[in-house]
Structures are given as C-alpha cells and as structure tokens.
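These notes concern the structure reproduced below.
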C-alpha cells in the first residue's frame with residue numbers, strides 16, 4: 011500500500027482524505043501544516059498517524075512514499091522540487107505552476123530523481139470523461155468542428171480566499187479556467203494558434219471572469235467560459251460532422267448524475283441519447299490512477315505528462331496576455 015503525506019490542512023485535503031477511506035491502494039499516514047496545533051488537530055480528526063509542524067519535516071519522513079500538494083498556486087514549484095529531491099512521488103493540484111519554466115524544472119527534477127509527478131485534474135479519471143474521449147476518438151460524431159466548455163463557482167469570503175490573492179497565484183483562469191483549457195486540449199490534441207478573449211477584473215486587477223474563443227490549426231474552434239461570480243453547469247459539448255456529444259466534468263459527481271449525452275445527427279429533431287456511467291468522486295479515481303502510474307512508471311509516460319502540463323500552462327498564459335492588453 012502506498013503511504014502518502016498531505017502538505018496542507020486546506021478544505022481540499024479534507025475532501026481528499028474522505029474519499030480515500032475506501033482505497034485499498036493508498037493510506038494517508040502524515041499531514042503537515044505551518045502550525046503544529048492545526049496539524050495535530052487535523053490528524054486527530056482523521057485518524058492520521060503523524061503530524062508535522064513544517065512541510066520539510068514531512069518530506070524528511072523516510073516512511074512516506076508519496077505526497078499530495080494542495081498548497082496555494084505560487085508555492086507549487088518550490089515544494090514539488092523539494093519533494094522530488096526527497097524521493098517522494100508527487101500528486102500536485104492544478105495548476106501545477108504559473109510559468110512554463112517552472113513546469114519544466116519540476117518535471118525534470120522528478121525524472122532526475124526517478125519519482126512520478128502528476129498534475130491533479132480529477133475530472134480526467136471519471137468514467138464519463140474517459141468514455142466521451144474514447145467515443146470522440148472512435149469517430150462516433152465524425153470530424154470535430156466546435157467545442158464549448160464552461161467551469162465556474164462562487165467564491166466566498168473574498169477578503170481571505172486564496173483564489174483572490176494575486177501574490178498566491180490567484181485568478182479565475184488559473185483556478186476555474188484550467189479545467190476548460192485542459193478538456194479542450196485533450197479533445198483537440200493541439201495548442202490554439204489564435205485567441206480572442208475578454209476578462210472581468212476586480213479592484214486588485216485580478217481576473218474574476220473570462221470568455222475566450224480559441225482557434226486551432228485544423229480549423230476547430232473552441233469557446234471557453236469561466237468565472238467566480240456564478241456556478242454554471244461544468245459542461246463540455248463537442249460538435250462533429252456526424253453528431254454532438256456532451257458530458258459534465260465535475261470533480262465530485264453526485265449519485266445518479268454521471269452520464270454522457272450523444273446526438274447521432276445534426277438536425278434539430280434528432281433526439282439526445284443519454285448514456286449512464288458509474289458515478290463517484292474524481293478525487294478517488296485520480297488517486298487510484300496516481301498509484302497505478304507509480305506502479306507502472308515509465309519515463310516516456312512522464313515526458314508525455316510534462317508536455318501536456320507545459321501546453322496547458324502556455325495556453326492559460328496566452329489567454330491572460332490577451333485579456334490584459
């Protein structure tokens with residue numbers, strides 16, 4: 011069983027631990043916070059063996075195989091590199107880093123130390139996403155022409171929320187926008203060669219809503235929307251020459267809500283067929299996939315993941331450049 015430590019007592023850490031209670035491959039055995047009392051309280055609440063007063067102490071634990079890093083975006087690069095040097099496998103929350111240079115440095119350090127690094131996008135491992143991408147690849151809707159992808163949620167306690175702190179790598183594109191960028195790139199397999207985008211900014215000049223149109227070399231266009239002001243359905247819709255396919259890509263799928271919709275035909279009177287798939291938490295599916303990748307590690311697979319993270323980061327940066335002009 012993979013022994014894993016968590017570097018943070020943030021809310022997402024709670025969700026991560028809760029879903030892993032049913033895992034037969036991963037056990038959370040340590041947690042770290044910059045406040046020992048907070049770490050100890052967290053460890054007691056979730057029956058975790060060890061609590062550390064610093065992230066470095068956790069990395070120095072020789073009994074840990076891997077770490078989960080859900081720290082603020084601006085801290086990812088530093089602690090991923092340190093974790094790799096400590097010979098720990100790493101599951102790092104998205105966005106993995108805020109610059110392409112940092113992304114390269116992080117993966118190169120992981121490869122150098124023969125540890126596995128994965129950027130956390132839980133939706134990728136949910137059954138509806140896997141099935142949708144397979145159906146697209148198998149040509150079920152023909153040649154793709156358009157993609158629409160949304161992701162949003164409301165942000166509470168704006169004064170203290172790290173998502174709205176520029177110095178911590180906040181902003182809607184890095185947080186919510188990373189999801190539609192990721193799914194659009196997973197479908198197209200390309201980076202956009204043209205971007206038109208508009209943004210809404212708060213009084214700190216931080217992006218809180220973005221609408222973008224991406225155009226790809228093969229002629230595909232993609233429309234992306236993300237915001238902190240509302241919670242639209244987290245949904246992707248793909249239009250092809252023979253039909254339409256759509257799916258939600260929530261990280262947490264509620265019972266009886268996981269499905270794909272497909273319309274085989276383009277006329278308005280063709281009916282949508284609903285295909286139900288197993289439901290469950292994306293965090294659980296992601297963690298199980300992480301453990302499997304470690305078990306079946308190859309450098310080639312790690313390089314593919316590095317290139318994907320580089321391209322996602324580059325696309326986000328390019329959209330940010332456009333909306334800030």
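In the numbering used here, the protein residues as written are 11 to 335.
Quick reminder that beta carbons are idealized off the backbone N, C-alpha and C, glycines included.
The structure displayed is predicted, hence computed values, not measured ones.
Thinking residue 128 and residue 77 are a contact (beta carbons under 8 Å), I'd like their distance in whole angstroms, please. No, residue 128 and residue 77 are not in contact; Cβ-Cβ is about 11 Å, not under 8 Å.
Which ranges would you report for the beta strand (DSSP E) in the region 117–171 if only whole runs of at least 3 residues count? Here the runs fully enclosed are 127–130 and 154–162.
At the level of alpha carbons, what is the spacing between residue 73 and residue 183? 37 Å
Limits of the unbroken alpha helix (DSSP H) element including residue 300: Residue range 292–305 is occupied by the alpha helix (DSSP H) that includes residue 300.
Pick from 133, 143 and 86 that is closest to residue 117, judged by C-alpha positions: For residue 117, the nearest C-alpha among the options comes from 86.
Would you give the residue range spanned by the alpha helix (DSSP H) that residue 321 belongs to? Run containing residue 321: 309–333, per the alpha helix (DSSP H) assignment.
Determine the burial state of residue 282: buried for a count of at least 16 other Cβ atoms within 10 Å of its Cβ, exposed for fewer. In this structure residue 282 is exposed. Its beta-carbon is surrounded by fewer than 16 other beta-carbon atoms within 10 angstroms.
Between which two residues does the beta strand (DSSP E) holding residue 19 run? Counting along the chain, residue 19 falls outside any beta strand (DSSP E), and DSSP gives it neither H nor E.
Starting from residue 95 and walking both ways along the alpha helix (DSSP H), at which residues does that stretch end? 86–95
With residue 249 as the anchor, note down where its beta strand (DSSP E) starts and where it stops. 245–250
How many whole angstroms separate the CB atoms of residue 27 and residue 40, which I take to be in contact at a CB cut-off of 8 Å? Actually they do not touch by this definition, with Cβ atoms about 12 Å apart.
Is the beta carbon of residue 163 sitting closer than 9 Å to the one on residue 238? yes
Under a Cβ-count criterion, where at least 16 other Cβ atoms within 10 Å of its own Cβ denotes burial, should residue 241 be classed as buried or exposed? exposed
Proximity of residue 44 and residue 158 at Cβ, strictly below 9 Å: no
Is the CB-CB distance between residue 106 and residue 308 below 9 Å? no
What are the boundary residues of the beta strand (DSSP E) that includes residue 77? 76–79
Counting beta carbon pairs with one atom in the region 28–36 and one in the region 282–299, are three or more of them shorter than 8 Å? Of all C-beta pairs linking the region 282–299 to the region 28–36, three or more are shorter than 8 Å, placing the two stretches in contact.
Please say whether residue 165 and residue 234 have beta carbons closer to each other than 9 Å? no
Proximal residues to residue 229 (C-beta, below 8 Å), its chain only, five neighbours per side dropped: For residue 229, where only same-chain residues beyond five positions count, the Cβ hits under 8 Å are 155.
If you count every other CB in all the chains shown that lies within 10 Å of the CB of residue 396, and 16 or more means buried, which is it? What the structure shows of the chain is the stretch from 11 to 335, and residue 396 is not part of that stretch, so it cannot be assessed.
Quick one: what does DSSP say residue 62 is sitting in, helix, strand or coil? strand
If distances are taken between C-alpha atoms only, which option among 53, 64, 46 and 138 comes closest to residue 292? Relative to residue 292, the option among 53, 64, 46 and 138 whose CA is nearest is 138.
Kindly indicate which three-state DSSP category residue 12 falls into: helix, strand or coil? strand
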